[in-house]
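Engineer: Please see the structure below; I have some questions.
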Amino acid sequence: MRLFIAEKPSLGRAIADALPGRAVGRGRLSISLDGGDVVCWSAGHILELLNPDELDPAWKRWSRETLPIIPREWKLKPKADTRELLDNIGELLKRADTVVNAGDADREGQLLIDEILNYFEYKGPVMRLLVTDMNRSAIALAISAMRPNEEFRSLCSSAEARQRADWLLGLNMTRLFTVTTPREQGEILSVGRVQTPTLALIADRDEQIENFTPKIYYVVRAKSSVAAGEFLAAWKPTEETPGVDLELRVVDKAAIMALAAKLKGKKGAVTKFEKKKTKTEPPLPHTLAALQSEAAKKFDFTPADTLKLVQRLYEAKYVSYPRSDCAYLPESLYERRAAVLDVIVRFDAELAQYPLDAALKSPAWDTKKIEEHHGIVPTGTAPAGISADEAKIYGLVARRYAAQFLPQQEFANVSIEFTAEGELFRATNRQCSKEGWHQLYSKEADDEEKELETVIPDSSVGEPVELLGLKIEEKQTTPPKRFTEATLLEAMNHIHLYVDDKNIKKVLKENSGIGTAATQASIIETLKLRGYIIKEKKALISTKKGRALIAQVEDLLRKPDTTALWEMRLTEIKEGRASESEFIADITEAVRRITKARIAAHPHSFSPRKKEPEGLECPKCHGHRLLLREGKNKKFWACSDCGLILTNERNKPQKTAVCPSCGAMALRVKNKGTTGFYWLCPTCRKRYEDNKGKLKS
77 MRLFIAEKPS LGRAIADALP GRAVGRGRLS ISLDGGDVVC WSAGHILELL NPDELDPAWK
137 RWSRETLPII PREWKLKPKA DTRELLDNIG ELLKRADTVV NAGDADREGQ LLIDEILNYF
197 EYKGPVMRLL VTDMNRSAIA LAISAMRPNE EFRSLCSSAE ARQRADWLLG LNMTRLFTVT
257 TPREQGEILS VGRVQTPTLA LIADRDEQIE NFTPKIYYVV RAKSSVAAGE FLAAWKPTEE
317 TPGVDLELRV VDKAAIMALA AKLKGKKGAV TKFEKKKTKT EPPLPHTLAA LQSEAAKKFD
377 FTPADTLKLV QRLYEAKYVS YPRSDCAYLP ESLYERRAAV LDVIVRFDAE LAQYPLDAAL
437 KSPAWDTKKI EEHHGIVPTG TAPAGISADE AKIYGLVARR YAAQFLPQQE FANVSIEFTA
497 EGELFRATNR QCSKEGWHQL YSKEADDEEK ELETVIPDSS VGEPVELLGL KIEEKQTTPP
557 KRFTEATLLE AMNHIHLYVD DKNIKKVLKE NSGIGTAATQ ASIIETLKLR GYIIKEKKAL
617 ISTKKGRALI AQVEDLLRKP DTTALWEMRL TEIKEGRASE SEFIADITEA VRRITKARIA
677 AHPHSFSPRK KEPEGLECPK CHGHRLLLRE GKNKKFWACS DCGLILTNER NKPQKTAVCP
737 SCGAMALRVK NKGTTGFYWL CPTCRKRYED NKGKLKS
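Right, here's the structure in full:
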């Protein structure tokens, strides 16, 4: 028997439909085919690392004396609410001749199936199926191209290293700061490998804004003339020029007066004149972060909402795999372009007015640049019955795909430089001469090209320049803008811009950020839930609680350098260029060092906690941090670890269950105006009957 183990039920059913043979048994937990194949499924991670008290009873108590908590070995246990799925896989493995790992095509997808096989000590042959498109033909093609699972060992190691590093750092630092910091009784100070530097980005930006002192500076341009006409050229002072600041802005009017006196009656000479045409390619298809950023700017969708919406579109087979951090496309998908274009033009009739040309091939089609995933694109299945918000997300994906089949945008660029009495002046002008792909976006103000007010006449090097006077414009420096969800995502993915060390900045510039495409949205939501940040209109603002935490954590925890370099090391592990054990050893040493230093510096700051925090076990992350909280109008339950929010029902949290269709979390919902209930899965939108408080599938 060949056993396919999918990451979730919806993928399992799609695989079964794509396999040869007829289904002879369709159950809640698996599907059997007459050809001998069996497809079963997980529901995300159905195993989890043991809690500290399960490793050692002494670690149940939150105290200085028990820190740091360093497991001697890493053990997994079944999650209570998915035990049936795990037991079913275990029974099927006993009969399997070959297993196919059909986890999602990323490091977490690799790990969550591999860890099941390791848990049951399966020793038979294992193949790897990589599905990035839920359509039947695409899955059938992927099945024909399966590779030995052993080739993906380093991908699993990377995910395992991430899992263990987050456990070590998050658990120890959260306990450490909770027991060494005066605070409200029972309040937990959560610290995380990615969460804390993300919070620091926001808190540091807020501090810059609040401590900002505006300064007056001057923009100086010379009214200039060559034989073909007049133009304005900006003065470019140097570091040695009196009256300029570190950013070479003119801050002293005396410097302008000195310049005017120096140039009076003088002439300059052209040192550079350039006139050329340039072209820009269409933007690459969306990564998840790019889609989240665009949706936040255009529709004010949170990153978490965008992820949910695009995940639904993927489950419905309308778009390709969404949790992607690669924008390029495999050249094999180019063959389906005509069908895809037909579908998106029928979806968005406005696209029909543009000269889409299926014969064009943008640089996006480059198989060599693809790792686990490719850019998010329409699959060619026509959307039907989708919600208004899903249509907005699909529209963004469709338009970006359509851009690949429009010509390049073209510009006429003119630049001139001249010197007079040793002073440099420069003017540039960039005019769009052909809209090309940009016509899809040209109506959006944020994307319009801003042209300079000066027109530059033709000239040549050595031509004399007559100076007709100076034009002085007084300006005032402005503070940086507060982060929005869109700009915070961009910062997380271009973290080198926020790193001070030049050597580290250079290393990080190529491909490193903090967090991954799959986790960044949840990190932002978690910061909100824990009361570290709030959202006002579109702005994200750190709270007093958030700033207090950032003010006391060590640079190793708050600076983005550390976690970005750790992400780089995880990538090196994935590529087989680094060792998981060495990475975990370094994390362990950092945890020991921080713990020792903080306890020594805060010997009397707070009494050790006598018991675990009160609350119930969270049904999503399975921690003991689901707490009853007070809202504006009513109470609700919230997990301070994973961000789950449940309604309050007679001082108990809303009931949850595993969705039989997609494996996500289904919620028990009360029928309005009645005493009855039903079950609803927010992910796949399937609805189920209620049977005495349990989901009836």
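Residue numbers (the working numbering): 77 to 773. For every residue, glycine included, the Cβ atom is placed at its ideal position computed from N, Cα and C.
Let's see if you can read the secondary structure: which residues bound the beta strand (DSSP E) around S509?
Structural biologist: Unbroken beta strand (DSSP E) run through S509: E499 to K510.
Engineer: Applying the criterion that 16 or more other CB atoms from any shown protein chain within 10 Å of the CB defines a buried residue, is Q485 buried or exposed?
Structural biologist: Q485 is buried by the Cβ-count criterion.
Engineer: Starting from the C-beta of E550, find all residues in its chain whose C-beta is less than 7 Å away, skip the five residues before and the five after it, and write them out in chain order.
Structural biologist: So the list reads I292 and Y294, once near-sequence residues are dropped.
Engineer: Using the beta-carbon count (16 or more within 10 Å), is S737 buried or exposed?
Structural biologist: Looking at its Cβ environment, which holds 16 or more other Cβ atoms inside 10 Å, S737 is buried.
Engineer: Fully enclosed by the stretch 335-413, which alpha helix (DSSP H) runs are 4 residues long or longer?
Structural biologist: 364-375 and 379-391, all fully within the stretch 335-413.
Engineer: Between the C-alpha atoms of K686 and M741, what's the straight-line distance to the nearest angstrom?
Structural biologist: Residue confidence is low: K686 scores 44 on pLDDT, short of 50, so the model does not pin down where it sits. No coordinate-derived value is stated.
Engineer: In the DSSP assignment, find the unbroken alpha helix (DSSP H) run with R741 in it and report its ends.
Structural biologist: Note that residue 741 is Met in the sequence shown, not Arg. No alpha helix (DSSP H) contains M741, which is instead part of the beta strand (DSSP E) from M741 to K746.
Engineer: Let me confirm a value: A521 is counted as buried when at least 16 other C-beta atoms fall within 10 Å, else exposed. Which label applies?
Structural biologist: Caution is warranted here: a pLDDT of 44 is assigned to A521, below 50, making its placement in the model unreliable, and the coordinate value is therefore given only provisionally. Under this definition A521 is an exposed residue.
Engineer: Quick one: what's got a C-beta closer than 7 Å to L420's C-beta in the same chain, skipping five residues either side?
Structural biologist: Note on residue identity: the sequence assigns Ile, not Leu, to residue 420. The answer, listed in chain order, is L427, P454, A474, Y477 and A478.
Engineer: Quick one: what's S438 bridged to in DSSP?
Structural biologist: Bridge partners of S438: none, in fact.
Engineer: Would you mind listing the alpha helix (DSSP H) stretches within the stretch 218-260 that are 4+ residues and don't spill past its ends, in chain order?
Structural biologist: Taking only runs of at least 4 residues, the alpha helix (DSSP H) segments lying wholly in the stretch 218-260 are 229-255.
Engineer: Does the Cβ-Cβ distance between D401 and T208 come in under 8 Å?
Structural biologist: It is not a contact, given that the beta carbons lie outside the stated cut-off.
Engineer: Should D523 be labelled buried (16 or more other beta-carbon atoms within 10 Å of its own) or exposed?
Structural biologist: Confidence at D523 is low in this model, with a pLDDT of 41, below 50, so its placement is unreliable and the value that follows should be read with caution. With fewer than 16 other Cβ atoms within 10 Å, it is exposed.
Engineer: Report the residue from K635, P431 and Q186 whose alpha carbon sits nearest the alpha carbon of V270.
Structural biologist: Per the Cα distances, K635.
Engineer: Taking only the alpha-carbon atoms, compute the straight-line gap between N767 and S234 and give it to the nearest angstrom.
Structural biologist: So the two alpha carbons sit approximately 42 Å from each other.
Engineer: Could you check what DSSP says for P290 in three-state terms: helix, strand or coil?
Structural biologist: In the structure shown, P290 sits in coil (DSSP, three-state: anything other than H, G, I, E or B).
Engineer: Return the CA-CA distance between S230 and R412, expressed in angstroms with no decimal places.
Structural biologist: When rounded, the distance between both Cα atoms is 32 Å.
Engineer: Residue range of the beta strand (DSSP E) that V100 falls in?
Structural biologist: Looking at the DSSP string, the run of the beta strand (DSSP E) that includes V100 is A99 to R102.
Engineer: Quick one: what does DSSP say K768 is sitting in, helix, strand or coil?
Structural biologist: Coil at K768, not helix or strand.
Engineer: Could you tell me the boundaries of the beta strand (DSSP E) in which S598 lies?
Structural biologist: Taken as a continuous stretch (DSSP letters only), S598 belongs to no beta strand (DSSP E), being part of the alpha helix (DSSP H) at Q596 to L605.
Engineer: Since I believe A82 is in contact with G88 (beta carbons under 8 Å), could you give me their beta-carbon distance rounded to a whole number of angstroms?
Structural biologist: Contact flag correct, Cβ pair sits at about 4 Å.
Engineer: Just the C-alpha distance for F780 and A237, rounded to the nearest angstrom, thanks.
Structural biologist: There is simply no residue 780 to check, as the chain begins at 77 and stops at 773 in what is shown.
Engineer: Counting only the same chain and skipping the five closest in sequence on each side, list residues whose C-beta sits under 6 Å from that of A640.
Structural biologist: Excluding sequence neighbours, A640 sits near I571, L584, S588 and I590.
Engineer: With respect to the beta strand (DSSP E) encompassing I145, which residues constitute its N-terminal and C-terminal limits?
Structural biologist: That residue, I145, is in no beta strand (DSSP E); it is neither H nor E in DSSP.
Engineer: Could you give the distance in angstroms between the alpha-carbon of N569 and the alpha-carbon of K614?
Structural biologist: Taking the straight line joining both Cα atoms gives about 19 Å.
Engineer: Taking C-beta to C-beta, are T664 and L244 nearer than 8 Å?
Structural biologist: It is a contact, given that the beta carbons lie within the stated cut-off.
Engineer: On the three-state DSSP scale, how would you describe S657?
Structural biologist: S657: helix per DSSP, three-state reduction.
Engineer: Assign V473 to one of three DSSP states: helix, strand, or coil.
Structural biologist: V473 falls in the helix class under three-state DSSP.
Engineer: Assuming V267 and V629 form a contact by the criterion Cβ under 8 Å, report the distance between their Cβ atoms to the nearest whole angstrom.
Structural biologist: Rounded, the Cβ-Cβ distance is 7 Å, consistent with contact.
Engineer: Grab me the residues of V175's own chain with a C-beta within less than 6 Å of its C-beta, minus the 5 sequence neighbours each way, in chain order.
Structural biologist: Hits under 6 Å: L79 and V202.
Engineer: Quick one, which of D163, V541, T504 and A218 has its alpha-carbon nearest A304's?
Structural biologist: The shortest C-alpha separation from A304 is found at V541.
Engineer: Roughly how far, in whole angstroms, is the beta-carbon of P379 from the beta-carbon of I600, given that I think they are within contact range, below 8 Å?
Structural biologist: Indeed they touch by this definition, with Cβ atoms about 6 Å apart.
Engineer: So W755 is in the beta strand (DSSP E); what residue range does that whole segment cover?
Structural biologist: Segment F753 to L756, the beta strand (DSSP E) holding W755.
Engineer: Do the stretch 490-501 and the stretch 330-343 touch if we need at least three Cβ pairs shorter than 8 Å?
Structural biologist: Yes, they touch.
Engineer: Could you have a look at N569 and say whether DSSP puts it in helix, strand or coil?
Structural biologist: N569 falls in the helix class under three-state DSSP.
Engineer: Cα-Cα, which of N211, P359 and L206 is closest to F228?
Structural biologist: Of the candidates N211, P359 and L206, the one whose C-alpha sits nearest the C-alpha of F228 is L206.
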